[in-house]
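J.: Provided herewith is a single structure, encoded as C-alpha cells, for subsequent inquiry.
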C-alpha cells in the first residue's frame, strides 16, 4: 500500500514538472514564431494535459476495467468545466469574452456525452466515433473563428487579408 501511494505521489510530481516544461516551451515557441496563441494552446497544451487521462483509460480498458477509465474521463471533464473554468474566470474576469460561443458548444458536447452515458449506461463504438467527430468539428470551428478574429485584429501588422491568409494556409481553395 505504501509503495502504491509513493508511486502516485511521484507520478503526480512528474506530471506537474512535465506540464511546467511544456507550458514554458510553448510560450517560448510562440514568442519565436507568429503562430496565434489560441492554436498553440488548443492543440499542444490541451492535448498534452489530456494524455494522462487518455493513457489511463486505454490501459484500464485493455486490462478489463473500462468502467474505471470511463469514470476517470467523466470526472476529468466535470472537473475541467467546473473547478478549472471557474478558477480561470475568477482570476481573469474578461476570460469569458474570448470563448463565449466555444464554451456553449463545448458544454453542449459534454451534455451529449452525458446523455450517451445515461441512456443505457453504455457508450458504443459508434457513439464514441460520433463524439470524436464532434470534437473534430468543434476544433475546426474554433480554429476558423479564432483565425478570423486574430487575422482581423492583426491585419495591419501582417499586411494580408483574412481570405488570402486562409487561401495560403489551404483552408479554402
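In the working numbering, the protein residues as written are 20 to 192. Glycine included, each C-beta is placed from N, C-alpha and C at the ideal position. Please read all numbers here as calculations on a predicted model, not as lab measurements.
Among the residues of its own chain, which have a CB less than 6 Å from the CB of residue 146, if the five just before and after it don't count?
T.: As a working note, residue 146 is residue 127 in the chain shown. In the same chain as residue 146, and ignoring 5 residues on each side of it, the C-beta atoms closer than 6 Å to its own belong to 135, in chain order.
J.: In whole angstroms, what is the alpha-carbon distance linking residue 138 and residue 131?
T.: Within the chain shown, the letter at position 119 stands for residue 138. Within the chain shown, the letter at position 112 stands for residue 131. Cα to Cα, residue 138 sits roughly 11 Å from residue 131.
J.: Nearest-angstrom Cα distance between residue 140 and residue 79?
T.: For the purposes of this step, residue 140 is identified with residue 121 of the chain shown, where counting begins at 1. For the purposes of this step, residue 79 is identified with residue 60 of the chain shown, where counting begins at 1. About 18 Å.
J.: Quick check on this structure: which residue in 52, 47, 99 has the alpha carbon closest to the alpha carbon of residue 72?
T.: Translated into the one-based positions of the chain shown, residue 72 becomes position 53. Nearest of 52, 47, 99 to residue 72, Cα basis: 99.
J.: Please state if the CB of residue 83 and the CB of residue 75 are separated by a distance shorter than 9 Å.
T.: Locating residue 75 in the chain shown gives position 56, where the first residue counts as 1. Locating residue 83 in the chain shown gives position 64, where the first residue counts as 1. No, Cβ-Cβ distance for residue 75 and residue 83 is not below 9 Å.
J.: Using a threshold of 9 Å, state whether the C-beta atoms of residue 157 and residue 125 are closer than that.
T.: Locating residue 157 in the chain shown gives position 138, where the first residue counts as 1. Locating residue 125 in the chain shown gives position 106, where the first residue counts as 1. Yes, the pair counts as a contact, with Cβ atoms nearer than the cut-off.
J.: What residues in its chain sit with their C-beta under 7 Å from that of residue 33, if we drop five residues either side in the sequence?
T.: Your numbering for residue 33 matches position 14 in the chain shown. Cβ neighbours of residue 33 beyond the five flanking positions: none.
J.: Taking the alpha carbon of residue 90 as the reference point, which residue from 24, 102, 104, 142 has its own alpha carbon closest?
T.: As a working mapping, residue 90 is identified with position 71 in the chain shown. Among 24, 102, 104, 142, the Cα nearest to that of residue 90 is on 142.
J.: Quick check: residue 122 and residue 154, are their CB atoms within less than 9 Å of each other?
T.: Reading the chain shown from its first residue, position 103 is the one you call residue 122. Reading the chain shown from its first residue, position 135 is the one you call residue 154. Contact flag unset, no.
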